[in-house]
Amino acid sequence: RHLRPDDIAYNLCGGIRLTGALDPAALTTAVTGLVAAHDILRTRYPTGGDGTPVREILPPGDPVALDPTDLGALP
């Protein structure tokens, strides 16, 4: 993002449609486990002192914060 602010080549966007009752705690546990199991989902590339990106893999840690939006009232 910092090297090429206008380039969205590595940005991914998606959505998931869930039907029925949702257990937020179970979803948080599942996503947290997925992130903990895959280094790439905990990887970031901050810039080093000379401005070049440096790979940093964060340790598994706190539960992933989810911000679900209930769209059930929409047609």
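Numbering (UniProt numbering), first residue to last: 1 to 75.
All C-beta atoms, glycine included, are put in the ideal place defined by N, C-alpha and C.
Note that this is a predicted model, so its numbers are computed, not measured.
Endpoints, the alpha helix (DSSP H) within which residue i is located
i, result
"L22", "Premise fails: L22 is in no alpha helix (DSSP H) and is neither H nor E."
Cα-Cα separation, residue i to residue j
i, j, result
"E56", "H38", "13 Å"
"P24", "I40", "24 Å"
"L18", "P75", "15 Å"
"residue 118", "C13", "Only positions 1 to 75 of the chain appear in this structure, which leaves residue 118 out of reach."
"R42", "A36", "8 Å"
"A9", "P46", "18 Å"
"T52", "L58", "19 Å"
CB contact check: residue i to chain C, cutoff 8 Å
i, result
"G61", "Chain labels in this structure do not include chain C; a single protein chain is all it has."
Cutoff 6 Å; reference residue i; Cβ partners in own chain excluding five residues on either side
i, result
"A73", "none"
Identity of the residues DSSP links to residue i by a beta bridge
i, result
"I57", "T43"
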